[in-house]
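Per my numbering, the very first residue in the sequence shown carries number 14; after that it's consecutive. Step one of this worksheet: look at the structure below.
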Amino acid sequence: MKLNTKKENENDTLSVEMDIETRKVYKNVTRHKGRMVPVVEWIISLYINGDKLDEDEVFVEEEFFKSLLSPRKYPMFTCTCGVFGCGGYYVEVIHESDELIWLTEQSPFMDRSIKSSNRFVFSWNQIISFSEELIHKFENLKSIMEMNGLDFYIDVERYSRIIREIKERRNN
């Protein structure tokens, strides 16, 4: 069994990777007519303290950004099918002056041998840094989708406003 290597009184670290794949596929293929259209597929992988979170649980960025504004339980992870009730779980988010705490309903890790208390404590500075990195990755994805003539539905501007608001709260 792998033990979480975080030291006592040390905050957890949240990090993100985004894999993007662009390709062309045939659409409306009939005997007489078909055309190639671009497809952009992407996936977000989250890590806590370098350990990958379960890929069968999809990170809901909308809920994450909401959680930065007010503490409560959020449906932050959902099933890969998109239906929360199928396999998602809640994360209780607690705001403290210097920290943001996640209490998860289950172990979030892909590797089930990782021993975890399901309580993760992040510094606000680390959460802000993570959020800015996530926004940067979404901006990159947006430009790729726009270059391929595809619509982008994630409200990156609103997420940036939320981060500015969090920074202002921290400075006051």
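All C-beta atoms in this analysis are idealised placements derived from N, C-alpha and C, irrespective of residue type, glycine included. None of these values were measured; they are calculated from a predicted model.
Exposure label - residue i; buried when at least 16 CB within 10 Å
i, result
"I140", "buried"
"I148", "buried"
"G101", "buried"
"Y172", "buried"
"M158", "buried"
"V104", "buried"
"M89", "buried"
"M14", "Note that M14 scores 41 on pLDDT, short of 50, meaning its location in the model is unreliable and no value can be drawn from it."
Residue from the options with nearest C-alpha to residue i
i, options, result
"R174", "K155, S144, R36 and I157", "S144"
"E181", "G95, W55, W137 and V52", "W137"
"G162", "M49, M123 and L116", "M49"
"V190", "F77, G98, S58 and Y103", "Residue 190 cannot be examined here, being either before or after the span of the chain that is shown, 14 to 185."
"S58", "M123, R183, R132 and K37", "M123"
"E34", "V53, G98 and H108", "V53"
"K155", "W55, S126 and S110", "W55"
Whole-number beta carbon distance between residue j and residue i, since they are thought to touch under 8 Å
i, j, result
"V106", "S80", "4 Å"
"F135", "L116", "12 Å between Cβ atoms; not a contact."
"F151", "I167", "5 Å"
Can you give, in chain order, each stretch of the beta strand (DSSP E) that sits fully within the stretch 37-121 and has at least 3 residues?
Scanning the stretch 37-121 for uninterrupted beta strand (DSSP E) segments of 3 residues or longer gives 48-61, 70-72, 85-92, 102-108 and 112-117, listed from N- to C-terminal end.
At a cut of 8 Å, does the stretch 76-92 reach the stretch 20-36 through at least three beta carbon pairs?
At 8 Å Cβ cutoff, the stretches do not touch.
Using 8 Å as the threshold, is the stretch 26-36 in touch with the stretch 58-71, meaning 3 or more CB pairs across them?
Contact check between the stretch 26-36 and the stretch 58-71: three or more CB pairs, one atom from each, fall below 8 Å, which counts as touching.
Under 8 Å, with one C-beta from each stretch per pair, do the stretch 91-99 and the stretch 65-76 reach the 3-pair mark?
With a cut-off of 8 Å, the stretch 65-76 and the stretch 91-99 count as touching, because enough Cβ pairs lie within range.
May I have a chain-ordered list of the alpha helix (DSSP H) segments no shorter than 4 residues that lie completely inside the stretch 122-167?
List check, alpha helix (DSSP H) in window: 137-160.
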